[in-house]
Structures are given as C-alpha cells and as structure tokens.
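In the UniProt record's numbering, the protein residues as written are 1 to 227.
Glycine residues also receive a C-beta, built at the ideal position from the N, C-alpha and C atoms.
Source: prediction; values computed, not measured.
Notes follow once the structure below has been shown.
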C-alpha cells in the first residue's frame, strides 16, 4: 500500500514537472538585419544558428531582412536603396521570399545560415536552395518580380513599428524587449541569454549557465554595429 502511494506521488510529481515545462513560454528572438552587414552575418552564423541548433525547443525565432533600407513608391511599384548597394537589396529580397514561401522556421534557418555563410550571399540562392532541398525557380521568380518588392515593403512596415526605432543592425529583440546591453550580450553569447531568459526547466545544453538572477546584466558595454 505504501509502495503504491509512493509510486503515485512520484508519478504525480513527474506529470506536474513535465506540464510546467511544456507550459513555459519559449524565448522570442527577433532579428532585424541587412544581408550584407558583416556583423549581421557573424551573428547569424556564429550565434543565432548554433544556438538554434542546440536549444530550438525553447526558442521562437523570427528574422526580418530589411534593416538600413530607404524606399519610395514609383508608379505603383516599390523602389529600394540599400546601404551596401543593389546586391544587398536582392539578397534581402531572397530571404523575404524564402520566409514567405517556406513558412517553416527550421527550413528558413538552414537556408539563411547557408546564404549568409557563403562567399557572396546575393549569388548563393540556388546553391542554398539545393542544399536545403527546395526548388530555387519559384524563389527566383519571386525575387525578380513585384511580389518580392511587396514582401520587402511589408517588412519595412513591420520594422517601422519598432519602439525604440532601429538605427543600426543587427537589431536583436528578446521577448519583445530591446536595449543596447542586451543586444551586445546576444552578439557575444546568445545561448546564454536564451537559457537565462527561459522560465521553464532548461534543456541540458543550458546547464553551463547560472540562472539570470545569479548573473546580472553588466552596464556600460560598448556595442559594435553598423550605422
């Protein structure tokens, strides 16, 4: 009888623990960036993608490939001027089209990591599409059409909602909050930031990090970014 009670209590605790872990919200990571920005490429390849690979179950990632772009309307179509030239506009549009076509963050992450890790991202679309197992033709048609321009414009509208307003890239928002110190911490060790923000039972990959309350934010850090 006692053994039955003990087992039942253990099973109850196990169920409660798992339920609490499942109910803990994932950590939202939103990245606003330029495709040809060195710091953006470094962040995606060295921080965002490796962290995603390890602890994706506690992350909710969304990327916005717009950044420092100026745009205007010309006869019903949108024209864009990018910080690093027209090739960057093309590369940002490749990601915008992929984001819309895939509607699958795992596929999108694999594709963008390949794109930004290439020698020249604006030309890497076909290679990266083949690497992740998707057809490049519909993406190319999107990039070269009004559809791609409209998708890039929609990203502009989303970026305009930011408060505070974006003035450099990469602009990294964690759980709806942006500040300069946090942005720099993400660029140095995103995995640590995500692990410490997560309120549920952390995965084993987070074991190396103390809880957020034990490791306060260091003020006065210097950010490396592109104006």
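Item checked: Range covered by the alpha helix (DSSP H) that runs through residue 132 -> By 1-based counting over the chain shown, the position of residue 132 is 132. First-last of the alpha helix (DSSP H) with residue 132: 125-132.
Next item on the list: Please work out which residues of its chain come closer than 8 Å, Cβ to Cβ, to residue 21, disregarding the five sequence neighbours upstream and downstream, and give them in chain order.
Entry: Locating residue 21 in the chain shown gives position 21, where the first residue counts as 1. Reliability of the predicted coordinates at residue 21 is poor, the pLDDT of 46 falling under 50, and no value is obtained from them.
Item checked: One or two residues paired with residue 61 in a DSSP bridge -> If you number the chain shown from 1, residue 61 lands on position 61. Bridge partners of residue 61: 29.
Checklist line | Separation of residue 81 from residue 209, as counted between CA atoms | finding: For the purposes of this step, residue 209 is identified with residue 209 of the chain shown, where counting begins at 1. For the purposes of this step, residue 81 is identified with residue 81 of the chain shown, where counting begins at 1. If I take the Cα positions, the gap works out to 42 Å.
Check: To the nearest whole angstrom, what separates the beta carbons of residue 139 and residue 130, a pair I think is in contact under 8 Å?
Finding: By 1-based counting over the chain shown, the position of residue 139 is 139. By 1-based counting over the chain shown, the position of residue 130 is 130. Incorrect: roughly 11 Å between the Cβ atoms, too far for contact.
Note to self: Please return the same chain residues whose Cβ sits closer than 7 Å to the Cβ of residue 230, not counting the five positions on each side in sequence.
What the structure shows: Lying outside 1 to 227, the shown extent of the chain, residue 230 is not represented and no answer is given.
Item checked: Touch test, the stretch 105-117 against the stretch 39-54, Cβ-Cβ under 8 Å, three pairs minimum -> yes
Check: Which first and last residues belong to the alpha helix (DSSP H) in which residue 102 is found?
Finding: The residue you call residue 102 lines up with position 102 of the chain shown. From DSSP, the alpha helix (DSSP H) with residue 102 extends over 86-102.
Notebook entry, point to check: Along the chain, where does the alpha helix (DSSP H) that runs through residue 43 open and close?
Noted result: The residue you call residue 43 lines up with position 43 of the chain shown. Residues 38-43.
Checklist line | Beta-carbon proximity of residue 247 to residue 195, cut-off 9 Å | finding: Residue 247 lies beyond the stretch modelled for the chain, which goes from 1 to 227, so this question has no answer here.
Note to self: By the three-class DSSP mapping on this structure, what secondary structure does residue 82 have?
What the structure shows: As a working mapping, residue 82 is identified with position 82 in the chain shown. In the structure shown, residue 82 sits in a strand (DSSP, three-state: E or B).
Checklist line | Residue environment, residue 167, which counts as buried when at least 16 other CB atoms sit within 10 Å | finding: Locating residue 167 in the chain shown gives position 167, counting from the first residue. That one is exposed.
Next item on the list: Would you grab the beta carbon distance between residue 136 and residue 126 for me? Rounded to a whole angstrom, and I think it's under 8 Å.
Entry: Numbered from its first residue, the chain shown carries residue 136 at position 136. Numbered from its first residue, the chain shown carries residue 126 at position 126. That pair is a contact at about 5 Å.
Item checked: Whole-angstrom distance between residue 96 and residue 151, CA atom to CA atom -> Here residue 151 refers to the residue found at position 151 when the chain shown is read from its first residue. Here residue 96 refers to the residue found at position 96 when the chain shown is read from its first residue. Cα to Cα, residue 151 sits roughly 6 Å from residue 96.
Notebook entry, point to check: Expressed to the nearest angstrom, what Euclidean distance is found between the alpha-carbon atoms of residue 207 and residue 161?
Noted result: Numbered from 1 along the chain shown, position 207 holds the residue referred to as residue 207. Numbered from 1 along the chain shown, position 161 holds the residue referred to as residue 161. Each residue's alpha carbon lies about 36 Å from the other.
Check: Helix, strand or coil for residue 145 per DSSP?
Finding: Residue 145 sits at position 145 when you count from the first residue of the chain shown. Correct three-state label for residue 145: coil.
Note to self: Using C-beta distances below 8 Å, list every residue in its chain close to residue 189, excluding the 5 sequence neighbours before and after it, in chain order.
What the structure shows: Locating residue 189 in the chain shown gives position 189, where the first residue counts as 1. The answer, listed in chain order, is 47.
Checklist line | Candidates 90, 183, 191 and 103, of which the one nearest residue 134 by Cα | finding: For the purposes of this step, residue 134 is identified with residue 134 of the chain shown, where counting begins at 1. Ranking 90, 183, 191 and 103 by Cα distance to residue 134 puts 103 first.
Next item on the list: Pull up the distance between the alpha-carbon of residue 171 and that of residue 69, whole angstroms please.
Entry: Position 171 of the chain shown, counted from the first residue, corresponds to residue 171. Position 69 of the chain shown, counted from the first residue, corresponds to residue 69. About 14 Å.
Note to self: Using a 10 Å radius around the Cβ and a threshold of 16 neighbouring Cβ atoms, would you call residue 53 buried or exposed?
What the structure shows: Residue numbering aside, residue 53 sits at position 53 when the chain shown is read from its first letter. Exposed.
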